[in-house]
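See below for the structure under consideration.
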Amino acid sequence: MNASVDFGVEQEKPARAIHGGQAAVSKAAAAAPALPDYLVDVYTWAYVAPKMVDILDREIIVAIILWCQQNKLMRAAREEIAAGSRVLQPAAVYGKLVGHLAEKIGPKGEYHVTDIQQVQIDHVRRKIGDLPQSRTEICDARTTGDGLYDTVCSYFLMHEVPEDYKRDIANNLASHVKPGGKLMFVDYHEPAFLHPMRPIIWLVFKWLEPFAKALWKNEMFDYIDEPEQFEWRKETYFGGLYQKVVGIKRG
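In terms of full-length UniProt numbering, the sequence shown opens at residue 1 and continues consecutively.
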């Protein structure tokens with residue numbers, strides 16, 4: 001998609017953090033980071049243009065995109081998170097995920113959701129900004145994180161970024177997992193050879209998701225420089241089209 005098309009894209013505002021519904025200027029991101037070229041060139045229509053974000057951030061759209069598997073995948077992520085824990089999620093997500101995870105974490109925990117765009121953070125705040133466990137911040141996923149977390153959850157982020165970003169993001173996220181904590185990836189995976197959706201997904205990746213097919217040949221932990229720091233397990237869903245990979249950080 002040509003970035004010159006007018007989708008009503010607004011200039012990014014200064015970065016702010018929200019914790020417990022109170023605004024505070026983020027020391028980690030005093031100004032909103034510049035949007036990467038790939039994001040503007042490839043995903044303006046999906047994630048950058050405010051008008052399109054308003055249209056796409058609906059559960060029915062998420063259900064269509066994920067072939068009605070969104071509830072199963074949300075449950076898969078939710079079951080890895082403990083009540084009262086500290087959780088980092090790099091990148092906002094359309095649909096109900098943030099509400100479900102915030103509910104599981106509860107008021108005694110912390111749910112730190114970051115994104116590189118103001119418009120995405122605004123949508124997260126509308127959903128959970130009044131909850132005491134919520135904390136939102138504008139930040140690049142390659143540098144996001146404040147200390148150590150019980151769980152770091154990458155939910156359908158890795159397929160949307162180029163290979164060098166995948167490696168930078170994965171290594172950064174791994175560095176923010178405390179010993180005994182979890183690094184979780186929920187994302188696309190190579191479907192079974194005879195999966196009826198395989199040719200459709202191949203076309204979607206070819207035309208709309210140019211960085212996604214790398215996940216058909218690479219494991220998530222391939223992007224981490226020191227994967228041996230974690231004990232890994234993996235589950236696939238819907239004929240292999242989706243995956244959940246969890247690494248427990250060794251103490």
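Note that beta-carbon positions come from the ideal geometry of N, C-alpha and C, so glycine has one too.
Beta-carbon contacts of W202 that lie in its chain and below 8 Å, excluding the five residues immediately before and after: K213
If you compare alpha carbons, which of D140, Y111, A141, R142 is closest to K127? Y111
Here's the rule I'm using: 16 or more other beta-carbon atoms within 10 Å means buried, otherwise exposed. How should I200 be labelled? exposed
Which runs of the beta strand (DSSP E) at least 3 residues long sit entirely within the region 116-172? Give them in chain order. 134-138, 149-155
From what residue to what residue does the alpha helix (DSSP H) around M74 run? 70-78
By the 10 Å Cβ neighbour count, where 16 or more other Cβ atoms means buried, how is F193 classified, buried or exposed? exposed
Find the nearest neighbour of S154 within the set K244, G129, S85, judged by alpha-carbon distance. K244
Out of curiosity, what's the CA-to-CA distance linking L151 and I116? Residue identity differs from the one stated: residue 151 is Thr in this sequence, not Leu. Whole-angstrom Cα-Cα distance: 20 Å.
DSSP state of D187 mapped onto helix, strand, coil: strand
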